[in-house]
Amino acid sequence: MLTLTSPIDTRLHPVRAGVKLAALALVTLGLFQIASPLPLIGVALSLGVLHIAVGGLRFAAHALRMLWPVWPFVVVVGLWHLWLGDLAGGSVIVLRMLCAIAAANLVTMTTRLADMIAVIERLARPFAFALPPRRLALAIALVIRFIPVLAERMGHLRDAYRARSAGRQVGWRILGPAALAALDDADHVAQALRARGGAE
Amino acid sequence: MERSLTHIALFAALIAALGLVPRLDLAAGVPITAQSLGIMLCGTVLGARKGALAVLLFLLLVALGLPLLAGGRGGLGVFVGPSVGYLVGFPIAAFVAGWVMERTTLAPGWAALGAAIIGGIGVLSLFGILGLALMLDKTLIEAAVIALAYLPGDIVKAGLAGLITQSIATARPAALLSRAG
Chain A
15 MLTLTSPIDT RLHPVRAGVK LAALALVTLG LFQIASPLPL IGVALSLGVL
65 HIAVGGLRFA AHALRMLWPV WPFVVVVGLW HLWLGDLAGG SVIVLRMLCA
115 IAAANLVTMT TRLADMIAVI ERLARPFAFA LPPRRLALAI ALVIRFIPVL
165 AERMGHLRDA YRARSAGRQV GWRILGPAAL AALDDADHVA QALRARGGAE
Chain B
59 MERSLTHIAL FAALIAALGL VPRLDLAAGV PITAQSLGIM LCGTVLGARK
109 GALAVLLFLL LVALGLPLLA GGRGGLGVFV GPSVGYLVGF PIAAFVAGWV
159 MERTTLAPGW AALGAAIIGG IGVLSLFGIL GLALMLDKTL IEAAVIALAY
209 LPGDIVKAGL AGLITQSIAT ARPAALLSRA G
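Those sequence lines, one after another, are chains A and B. Residue numbers for the first sequence follow our numbering, so the first one is 15 and each next one is one higher. Residue numbers for the second sequence follow our numbering, so the first one is 59 and each next one is one higher.
Structure (structure tokens):
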């Protein structure tokens with residue numbers, strides 16, 4: 015299963031996940047206190063330098079690509095504030111958003127899935143009376159295991175539909191069977207778990 | 059016990075799988091993702107509590123860094139982006155849809171359609187618009203205009219949630235956990 019963790023080894027990879035998450039929380043809180051564009055440009059530049067310093071240019075370019083999906087919002091806010099004649103206000107909103115997302119992505123890109131899960135297990139420990147950490151870990155593992163299974167099943171359903179009705183668009187009709195199959199899988203896995211001594 | 063756990067996990071996986079499906083053409087010419095349809099189905103099929111838990115589990119995996127949101131997005135960044143309101147609204151939308159489903163005695167298809175409209179469109183848009191207004195520093199009206207872009211797709215998806223829930227109820231009545239109790 016692919017994760018968003020960067021395959022390029024950076025100097026932030028060995029840093030403990032809890033430390034990175036705490037730093038991220040502080041940076042994000044700080045970002046929302048800044049209300050003028052110049053300091054935000056400074057933050058954006060230092061984030062860029064930080065990316066290059068820890069992981070090199072290719073890593074920084076990859077991080078830049080991960081910001082791409084927010085472009086519609088940048089365009090909407092940009093045009094809106096251009097029309098209002100409030101360029102400073104618009105650039106604060108856009109820069110703050112981009113900096114916050116980039117900082118969060120940096121933590122995601124430099125922290126392995128296992129380390130993140132370890133943090134979650136530690137955070138969940140005080141709530142063990144309601145949610146035993148082992149059950150949470152089992153649920154996470156089940157989801158990761160079954161995403162490719164369900165995606166493949168949907169592929170089979172789509173192929174079967176095409177074979178029966180050539181030339182017709184495969185649409186929502188496979189979603190009912192896909193949901194039913196997921197419900198059946200859930201029953202089978204529950205039986206298998208119980209046969210092996212239960213989920214505790 | 060095991061059955062609740064596996065239902066929650068499998069539907070969390072289903073939401074993710076629906077996001078991976080490459081541009082399922084749900085309606086002619088409108089390339090909409092099936093992910094929020096998955097949120098609606100969690101509520102209408104699993105019921106309020108399990109449906110909301112399935113969505114929370116899905117969001118947890120997104121936060122852990124799996125690229126499971128439609129378009130391969132994920133990680134912590136999406137939780138400070140402009141659409142964070144929709145992410146916060148996801149589990150609440152599933153809960154409300156499940157609650158409506160459990161409380162009505164209408165035929166499953168119609169009940170699911172109503173549940174999807176109230177939870178999956180009403181509640182979800184409310185949170186989405188609040189999020190847009192906060193993150194982009196707009197008034198609620200201005201944010202609502204931006205959110206209008208999602209409305210046509212959402213209406214199609216609510217209709218589909220009704221049809222799919224009805225087909226599950228017909229094929230296997232006992233599988234419709236929101237109506238099992």
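Note that the Cβ used here is the ideal one computed from N, Cα and C, for glycine as well. As the structure is a computational prediction, the values presented were derived from the model and not from experiment.
{"Query": "As assigned by DSSP and simplified to three states, the class of G77 of chain B", "Result": "helix"}
{"Query": "Assigned exposure category for A102 of chain A - 16 Cβ within 10 Å defines buried", "Result": "exposed"}
{"Query": "Reference W82 of chain A; option with closest CA among A:H170, A:A195 and A:I115", "Result": "A:I115"}
{"Query": "Proximity winner among B:V142, B:A112, B:L122 and B:L119, relative to V84 of chain A (alpha-carbon distances)", "Result": "B:V142"}
{"Query": "Three-state secondary structure (DSSP) of L8 of chain A", "Result": "Given a span of 15 to 214 for chain A in the structure shown, any question on residue 8 of chain A remains unanswerable."}
{"Query": "8 Å contact criterion, which V68 of chain A and V88 of chain A should meet: CB distance rounded", "Result": "Contact flag wrong, Cβ pair sits at about 25 Å."}
{"Query": "Amino acids of chain B, ordered along the chain, whose beta-carbon sits closer than 9 Å to that of D201 of chain A", "Result": "R61, T64, H65 and A233"}
{"Query": "DSSP state of R178 of chain A mapped onto helix, strand, coil", "Result": "helix"}
{"Query": "Alpha-carbon spacing of L189 of chain A relative to G212 of chain A, whole angstroms", "Result": "30 Å"}
{"Query": "Cutoff 8 Å: R149 of chain A Cβ touching any chain B Cβ", "Result": "yes"}
{"Query": "Proximity test, L104 of chain B beta-carbon vs the ligand GTP heavy atom, cut-off 7 Å", "Result": "The ligand GTP is not part of this structure, which contains no ligands at all."}
{"Query": "Pairwise C-alpha distance: H76 of chain A and L84 of chain B", "Result": "Only weak support exists for where L84 of chain B lies, its pLDDT of 46 falling under 50; the value from the coordinates is given anyway. Roughly 32 Å between the two C-alpha positions."}
{"Query": "Whether G240 of chain B touches A205 of chain B by CB criterion (8 Å)", "Result": "This structure leaves residue 240 of chain B out entirely; chain B is present only between 59 and 239."}
{"Query": "Beta-carbon proximity list for T122 of chain A, same chain, < 6 Å, skipping 5 on both sides", "Result": "L18"}
{"Query": "Nearest to I22 of chain A (by Cα), restricted to the options A:F46, A:A138, A:I66 and A:P53", "Result": "A:I66"}
{"Query": "Supposed close pair A118 of chain A, F137 of chain B - CB separation, criterion 8 Å", "Result": "7 Å"}
{"Query": "Within the region 29–108 of chain A, ranges of the beta strand (DSSP E) (whole runs, at least 3 residues)", "Result": "none"}
{"Query": "At least 3 beta-carbon pairs within less than 8 Å: the region 218–225 of chain B vs the region 187–196 of chain B", "Result": "no"}
{"Query": "CB contact check: F69 of chain B to chain A, cutoff 8 Å", "Result": "yes"}
{"Query": "Backbone CA spacing between R79 of chain A and L112 of chain A [nearest angstrom]", "Result": "12 Å"}
{"Query": "Beta-carbon gap between P125 of chain B and G135 of chain B smaller than 8 Å", "Result": "no"}
{"Query": "I199 of chain B: contacting residues in chain A (beta-carbon distance under 9 Å)", "Result": "Neighbours of I199 of chain B on chain A: none; closest Cβ ~13 Å, over 9 Å."}
{"Query": "Helix, strand or coil at L124 of chain B [DSSP, three-state]", "Result": "coil"}
{"Query": "Three CB pairs or more closer than 8 Å across the region 62–75 of chain B and the region 152–163 of chain A", "Result": "yes"}
{"Query": "C-beta atoms of M159 of chain B and G101 of chain B nearer than 8 Å", "Result": "yes"}
{"Query": "CB contact check: G133 of chain B to chain A, cutoff 8 Å", "Result": "yes"}
{"Query": "A152 of chain B at chain A interface by Cβ criterion, 8 Å", "Result": "no"}
{"Query": "Endpoints, alpha helix (DSSP H) assigned at H202 of chain A", "Result": "L189 to A209"}
{"Query": "Cutoff 8 Å: F137 of chain B Cβ touching any chain A Cβ", "Result": "yes"}
{"Query": "Neighbour list for M193 of chain B in chain A, Cβ cutoff strictly below 7 Å", "Result": "M111"}
{"Query": "Length of the line joining the Cα atoms of V130 of chain A and G77 of chain B", "Result": "Checking the displayed sequence, the identity of residue 130 of chain A turns out to be Met instead of Val. Near 22 Å, if we compare the C-alpha coordinates of G77 of chain B and M130 of chain A."}
{"Query": "Local conformation of R131 of chain B per DSSP, three classes", "Result": "strand"}
{"Query": "Closer than 7 Å at the beta carbon, the chain A residues around S225 of chain B", "Result": "G190"}
{"Query": "Nearest-angstrom Cβ-Cβ length linking F170 of chain B and Q224 of chain B, presumed shorter than 8 Å", "Result": "The identity of residue 170 of chain B in the sequence shown is Ala, whereas the question assumes Phe. With a Cβ gap of about 7 Å, A170 of chain B and Q224 of chain B count as contacting."}
{"Query": "Integer-rounded CB distance, given that S236 of chain B should sit under 8 Å from V103 of chain B", "Result": "6 Å"}
{"Query": "Cutoff 7 Å; reference V120 of chain B; Cβ partners in own chain excluding five residues on either side", "Result": "L126, L127, G132 and V136"}
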